Amino acid sequence: MKALVIGSSGGIGKALTECLRADTRFDTVATLSRSADGLDISNENSVSVCARQMKQVHDAFDLIINAAGALVIDGSVPEKSVKAIRVDALMNQFLVNAIGPALLLKHFHGLLPRNARSLFASLSARVGSIGHNRLGGWISYRAAKAAQNQIVNTASLEIARTHPAAIVVALHPGTVATQLSHPFISGHQATSPEDAAARLLATIERLQPHQSGGFFSNDGQSIAW
Ligand SMILES: NC(=O)c1ccc[n+]([C@@H]2O[C@H](COP(=O)([O-])OP(=O)(O)OC[C@H]3O[C@@H](n4cnc5c(N)ncnc54)[C@H](OP(=O)(O)O)[C@@H]3O)[C@@H](O)[C@H]2O)c1
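Structure representation (structure tokens):
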């Protein structure tokens, strides 16, 4: 089998790559990242060039995982109050956490095989769930991840018409000790990237085509929109 990890330079992306490379069922584990390959998921030209290159070299992937995303962008930390909302911070969140995954779906879904089980998973976040929100705050990040969930769900319905065995999902990786979470997790329990990657891959393995379009946590449980 062939897998592609997008955002392979990140804490979770790197652990997913290592875990997949240790799995003998995968003969190819390709990677793409901003720092190693210049892939900027918020830039359509960059996404389409990378997708074309991957198509030329590998033709198709049984598994594509998007592990690229961001919480603090250009120094803008998550808002604690509606009074802290800023246009540039909100736009940057949507660019990376919603428009980025949309562009990846647009340009990479054609790399899923049409007649075999395949999976496209994008890392979202439980805080993007409207149904779970009891705390408030982090409006830009929450809203961008909620938008990502809608994009994944809507794309999955269309992709099912041409790729009936494809599974297109948004996944919550848990609270994971990475650079992204580091400033915000003191006093909270966090799993290691390696543990999170193993759980995500176990969940991915269990998912079935009828679950395509869903939003799942790393233990396989469905998360409310
Ligand atoms: N850690 C957690 O507790 C947690 C919880 C819930 C959800 N998540 C989600 O899980 C995903 C991965 O998080 P992480 O903790 O592994 O974060 P991380 O260690 O900070 O890694 C972030 C990754 O995203 C890439 N990236 C950021 N902006 C990009 C852009 N515009 N174009 C291309 N790549 C870009 C980075 O690339 P470069 O380093 O190469 O620039 C890096 O590979 C994110 O979507 C995050 O929202 C994480």
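Here the numbering used here is used: the first residue of the sequence shown is 112, the next is one more, and so on. Beta carbons: idealized from backbone N, C-alpha and C, even for Gly. In this text, all values refer to a predicted model and were calculated from it rather than measured experimentally.
Point to revise | Where Phe219 falls: helix, strand or coil (DSSP) | key: Taking the sequence shown and counting its residues from 1, the one referred to as residue 219 is at position 108. Phe219: helix per DSSP, three-state reduction.
Do Ile270 and Pro320 have their beta-carbon atoms positioned less than 8 Å apart in this structure?
As a position in the sequence shown, residue 320 is number 209, starting the count at 1. As a position in the sequence shown, residue 270 is number 159, starting the count at 1. The answer is no: Cβ separation not under 8 Å.
Query - Inter-residue spacing [alpha-carbon to alpha-carbon] between Ile210 and Val287 - result: On the sequence shown, position 99 is the one that residue 210 refers to. On the sequence shown, position 176 is the one that residue 287 refers to. Those two C-alpha atoms are separated by around 23 Å.
Q) Just to check, is the beta-carbon of Gly121 closer than 7 Å to a non-hydrogen atom of ligand 1? A) Here residue 121 refers to the residue found at position 10 when the sequence shown is read from its first residue. Yes, the Cβ of Gly121 comes within 7 Å of a heavy atom of ligand 1.
query = Is His169 helix, strand or coil when you go by DSSP?
reply = Here the question's residue 169 lines up with position 58 in the sequence shown. Looking at His169 - three-state DSSP - the assignment turns out to be helix.
Per DSSP, the bridge partner or partners of Ile175:
As a position in the sequence shown, residue 175 is number 64, starting the count at 1. Note: Ile175 sits in a beta bridge opposite Leu115, Phe231.
Checklist line | Distance cut-off 7 Å: His283 Cβ against heavy atoms of ligand 1 | finding: Residue mapping note: residue 283 aligns to position 172 of the sequence shown, counting from 1. Yes, the Cβ of His283 comes within 7 Å of a heavy atom of ligand 1.
Please report the straight-line C-alpha distance between Arg237 and Arg245, rounded to a whole angstrom.
In the sequence shown, counting from the first residue as 1, residue 237 sits at position 126. In the sequence shown, counting from the first residue as 1, residue 245 sits at position 134. Each residue's Cα considered, the two are about 12 Å apart.
inquiry  = Can you determine whether any heavy atom of ligand 1 sits closer than 7 Å to the C-beta of Ala141, and answer yes or no?
reply    = Taking the sequence shown and counting its residues from 1, the one referred to as residue 141 is at position 30. No, Cβ of Ala141 sits at least 7 Å from all heavy atoms of ligand 1.
Taking only three categories from DSSP, how would you classify Phe137? In the sequence shown, the residue the question calls residue 137 occupies position 26. It is coil, neither helix nor strand.
- request: Answer yes or no: the CB of Ala179 versus the heavy atoms of ligand 2, is any distance below 7 Å?
  value: Of the ligands this structure carries, namely ligand 1, none is ligand 2.
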